[in-house]
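Asker: So that we are looking at the same thing, I have put the structure below in C-alpha cells.
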Amino acid sequence: MAITAITLAELSAGPHEVRHNDERSGYDEHAERARRLDVLKRAENEFDPVPFDADAARIYGRICAAVISAGRKPRRRVADLMIAAIAVAEELPLFTTNPDDFKGLDDLLTVVPVTRPKVPHEG
Numbered sequence: 001m002a003i004t005a006i007t008l009a010e011l012s013a014g015p016h017e018v019r020h021n022d023e024r025s026g027y028d029e030h031a032e033r034a035r036r037l038d039v040l041k042r043a044e045n046e047f048d049p050v051p052f053d054a055d056a057a058r059i060y061g062r063i064c065a066a067v068i069s070a071g072r073k074p075r076r077r078v079a080d081l082m083i084a085a086i087a088v089a090e091e092l093p094l095f096t097t098n099p100d101d102f103k104g105l106d107d108l109l110t111v112v113p114v115t116r117p118k119v120p121h122e123g
C-alpha cells in the first residue's frame, strides 16, 4: 500500500483546518486537532509518499477529460484528480473513503472503497 504526496498534503492541512467554536454537541477542537495530527504522523511514519511526477502530469489531462465526459467539473476536485493520475501512472488501485469523488474514471483506474479507520486517542 502507498500514499501519494497529494494525500500527505491534505493530511498536513487537516490540523490547521479544525474549526474553532464548532456548534456540534460534544465537539472538542483540541481533541480533533490531536486526532488529525495523529493521523498525519502515522501516515508519515508508515509510508514514503509517491510523487506527482511528469507521467502523472500527462495522465492528469486524460483524467480531466474523463471527468468532463461524465458531466462533472474537474476544477472542483483538483487534488482528487491528481491522486487519481498518480494511481494510473503507477498502475495502482486507488483506495479511498470517498469513492464518489472518482466517478467517471472507471475506465482508467480501479477505485476500492474502504471505511475510515477509527483512530484511538486519549480522552
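The sequence shown: position 21 = 21 (full-length UniProt numbering), numbered continuously. C-beta: ideal position from N, C-alpha, C; glycine also.
Kindly indicate which three-state DSSP category residue 93 falls into: helix, strand or coil?
Answerer: Coil at residue 93, not helix or strand.
Asker: Measuring CB to CB, does residue 51 end up less than 8 Å from residue 5?
Answerer: It is a contact, given that the beta carbons lie within the stated cut-off.
Asker: Would you tell me roughly how many angstroms separate the C-alpha atoms of residue 71 and residue 96, rounded to the nearest one?
Answerer: Approximately 21 Å between the Cα atoms of the pair.
Asker: Among the residues of its own chain, which have a CB less than 6 Å from the CB of residue 112, if the five just before and after it don't count?
Answerer: Closer than 6 Å at the Cβ level, and outside the excluded window around residue 112, lie 93 and 95.
Asker: What is the rounded straight-line gap between the Cα of residue 64 and the Cα of residue 38?
Answerer: Roughly 33 Å between the two C-alpha positions.
Asker: According to the neighbour-count rule (16 or more other Cβ atoms, all chains shown, within 10 Å of its Cβ), is residue 7 buried or exposed?
Answerer: By the neighbour-count rule (16 or more Cβ atoms within 10 Å), residue 7 is buried.
Asker: Contact between the segment 65-85 and the segment 99-106: three or more CB pairs below 8 Å?
Answerer: The segment 65-85 is in contact with the segment 99-106.
Asker: For the structure I just gave you, are there three or more beta carbon pairs, one from the segment 25-37 and one from the segment 73-85, closer than 8 Å?
Answerer: They do not touch, by the three-pair rule.
Asker: Looking at residue 15 and residue 36, is the spacing between their C-beta atoms short of 8 Å?
Answerer: Contact: yes.
Asker: Look at the alpha carbon of residue 55 and the alpha carbon of residue 108, and state the distance between them as a whole number of angstroms.
Answerer: Answer to the nearest angstrom: the Cα atoms are 14 Å apart.
Asker: When you compare only the Cα positions, how much space is there between residue 181 and residue 20?
Answerer: Nothing can be reported for residue 181, as the shown portion of the chain is limited to 1 through 123.
Asker: Classify residue 27: buried if its beta carbon has 16 or more other beta carbons within 10 angstroms, exposed otherwise.
Answerer: It counts as exposed.
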